[in-house]
């Protein structure tokens, strides 16, 4: 090394494999530090220093004095985190002549000349806060502590407020990068204001902790609850959030568990939502929303519009609870394919990604599961909840849970060990012997799944003794027209199957049979059911309780053991 002041410590030094340099505190002259093609850290300390980064992504900290900072090629940062007072840095002033001005007394930025600087870190002055202004490059600006004000330029910017009540303003972003976002604004800790109204393309607005005011452009802006931003941009938020996009324009978010990051936030012009790494509930509005659940077991509802609902990891539910008409949704239609529905249906045009379950409306819905999954992202074991209305729920393959809710529902388990819950109303539960069925209130029927003409034996005692069937008033073994299905049962199964009632009805056709495995039954006579069908009425005893067995008279074989 050569040059510098007389007898300076660098004179005649030979450097090998060095990336970072720290200068002196010589206020009378100032240091000259020059980097190479590596990612260099150059620290000038006191004095009017000249720092040149060269190639590589460099960090230049001039320290006190009027410094000349030249980042060189690639993306370089001016670091003012050691400044004792707030700084005022305008990255558009980089002609090599005009110096930075303003800021607090003795701040490190005043008098500096910047060239080739894209990134800037402000001070940690908690009493005031920095003012950082971007240019037409892709800037990264961090305010640090204090109530900072950050303005993006016309590039694709990242603005990070840090601690304090910060104000972040996205610039007029005219740069389009594939399908990415124009600007990323992270408020961090504090009650921040994030404004993405000027972005021509979608901004990602992340308020972080605190009661934040988040303003989008009304077209494609995202509010993001993935990060807290308290210490690091990638400090993930594991607390569940509750976000309702119908609550905007001056009204604060208030739903969900206490302490979630969305509480107190005021949203305006927000169309899309990115959830946290917890178990979120996110509700869209009438626009075409993009809703991302990310990690956790989320409940995601697009409401009206053609929405994109992305569950991500965890067990995620696509909800249609607020639909004003019945919906027709299939989990087999995922991965960018659109739900078809009918004209006027709330789900028409929705695209589902990695969704594990469905919640229907209070109207007549058709909800269909899936027969395949993706490890960690999508399960073939689906939860389908019909709620109100005469719903049709079909689980397909997997160990599914189907809950009809109120009204007269049809539940089809499909293959797997399914849980079928009829709920209130006269329900039809279609399943097999390995399923668990609870008809709930009303007159409910359990139908043996069709065997495509092969027939099969339905051992009702096996289900009843295991406690896997209750609340069922009628058993239907008719199946396919060519089936020869056989039902076996005993008197106590009447009580177990019905949940304590004394009468069980059995439907079948000419190829089916009923066999009792206990004796003591008496033929009472032939009666007509409410369906107009003729039934052979048998009575017997389960212990001391009289029970009744009503068997479809169309069946050819009745192997009922008499007293």
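Numbering (the numbering used here), first residue to last: -3 to 559. Built from N, CA and C at the ideal position, the CB exists for glycine as well.
Q. Across which residues does DSSP place residue 494 in a beta bridge pair?
A. Bridge partners of residue 494: none, in fact.
Q. From the DSSP output, which residues share a beta bridge with residue 347?
A. 304 and 334
Q) residue 206 and residue 188 look like a contact to me (Cβ under 8 Å); what is the Cβ gap, rounded to whole Å? A) 6 Å
Q. To the nearest angstrom, how far is it from the Cα of residue 386 to the Cα of residue 494?
A. 22 Å
Q) Can you tell me whether DSSP reads residue 24 as helix, strand or coil? A) If DSSP states are grouped into helix, strand and coil, residue 24 belongs with coil.
Q) Whole beta strand (DSSP E) runs in the segment 500 to 539 with 3 or more residues, listed along the chain? A) Counting only runs of 3+ residues, the beta strand (DSSP E) found wholly inside the segment 500 to 539 occupies 509 to 512, 518 to 524 and 530 to 538, in chain order.
Q | Proximity of residue 394 and residue 412 at Cβ, strictly below 8 Å | A | yes
Q.
Tell me the residue span of the alpha helix (DSSP H) that contains residue 461.
A. 456 to 461
Q: Check each candidate in 82, 79 and 40 and name the one with the smallest Cα separation from residue 66.
A: Nearest of 82, 79 and 40 to residue 66, Cα basis: 40.
Q. Excluding the five sequence neighbours on either side, which residues of its own chain have a C-beta within less than 6 Å of the C-beta of residue 397, listed in chain order?
A. Excluding positions up to five away in sequence, the list reads 379 and 415.
Q.
Need the endpoints of the beta strand (DSSP E) that residue 427 sits in, please.
A. 424 to 427
Q) In whole angstroms, what is the alpha-carbon distance linking residue 555 and residue 502? A) C-alpha separation (whole angstroms): 14 Å.
Q: Please check the pair residue 558 and residue 515, which I expect to be a contact at CB under 8 Å, by giving their CB distance rounded to whole angstroms.
A: Rounded, the Cβ-Cβ distance is 7 Å, consistent with contact.
(Q) Quick test of the definition: if touching needs 3 or more C-beta pairs under 8 Å, does the segment 277 to 292 touch the segment 235 to 252? (A) yes
Q. Can you name the residues that DSSP bridges to residue 558?
A. 517
(Q) What does the alpha-carbon distance come out to for the pair residue 128 and residue 168? (A) 16 Å
**Q.** Residue closest to residue 16, alpha-carbon to alpha-carbon, out of 6, 29 and 368
**A.** 29
Q: Identify whether residue 489 lies in helix, strand or coil by the three-state DSSP scheme.
A: The three-state secondary structure of residue 489, taken from DSSP, is helix.
Q) Does the Cβ of residue 33 have 16 or more other Cβ atoms within 10 Å, making it buried, or fewer, making it exposed? A) exposed
Q. Where residue 360 and residue 418 are concerned, what is the direct C-alpha to C-alpha distance, given to the nearest angstrom?
A. 14 Å
Q: Use the C-beta contact count for residue 247: other C-beta atoms within 10 angstroms, 16 or more gives buried, fewer gives exposed.
A: exposed
Q.
Measuring alpha carbon to alpha carbon, tell me which residue in 460, 513, 309 and 49 is nearest residue 491.
A. 460
Q: Determine the extent of the beta strand (DSSP E) in which residue 355 is found, giving its start and end residues.
A: 353 to 355
Q. With a CB to CB cut of under 8 Å and the five nearest residues on each side skipped, what residues in its chain are close to residue 45?
A. 19, 26, 27, 28, 29, 58, 59, 61, 63 and 64
Q) Using DSSP with H/G/I as helix, E/B as strand and the rest coil, what is residue 312? A) coil
**Q.** Short Cβ contact (8 Å threshold) for residue 50 with residue 68
**A.** In this structure, residue 50 places its C-beta atom within 8 Å of the C-beta atom of residue 68.
Q | For residue 74, the three-state DSSP class (helix, strand or coil) | A | strand
Q) Less than 8 Å separating the beta-carbons of residue 445 and residue 426? A) A contact, by the Cβ cut-off of 8 Å.
Q) Using CA coordinates, which residue listed in 308, 498 and 303 is at the minimum distance from residue 369? A) 308
(Q) I'd like to know if the segment 295 to 309 and the segment 255 to 264 are in contact, where contact means that at least 3 CB-CB pairs between them fall below 8 Å. (A) no
(Q) Among the candidates 400, 180, 391 and 392, whose CA atom is the shortest distance from the CA of residue 384? (A) Among 400, 180, 391 and 392, the Cα nearest to that of residue 384 belongs to 400.
Q.
For residue 211 and residue 143, I'd like the C-alpha separation in whole angstroms.
A. 18 Å
Q: Tell me the start and end of each unbroken beta strand (DSSP E) in the segment 118 to 150 that is at least 3 residues and wholly inside, in chain order.
A: 127 to 129, 136 to 138 and 145 to 147
Q: List the endpoints of the continuous beta strand (DSSP E) containing residue 156.
A: 154 to 156
Q. Going by Cα to Cα distance, which pick from 111, 504, 164 and 497 is closest to residue 529?
A. Looking at 111, 504, 164 and 497, the one whose alpha-carbon comes closest to that of residue 529 is 504.
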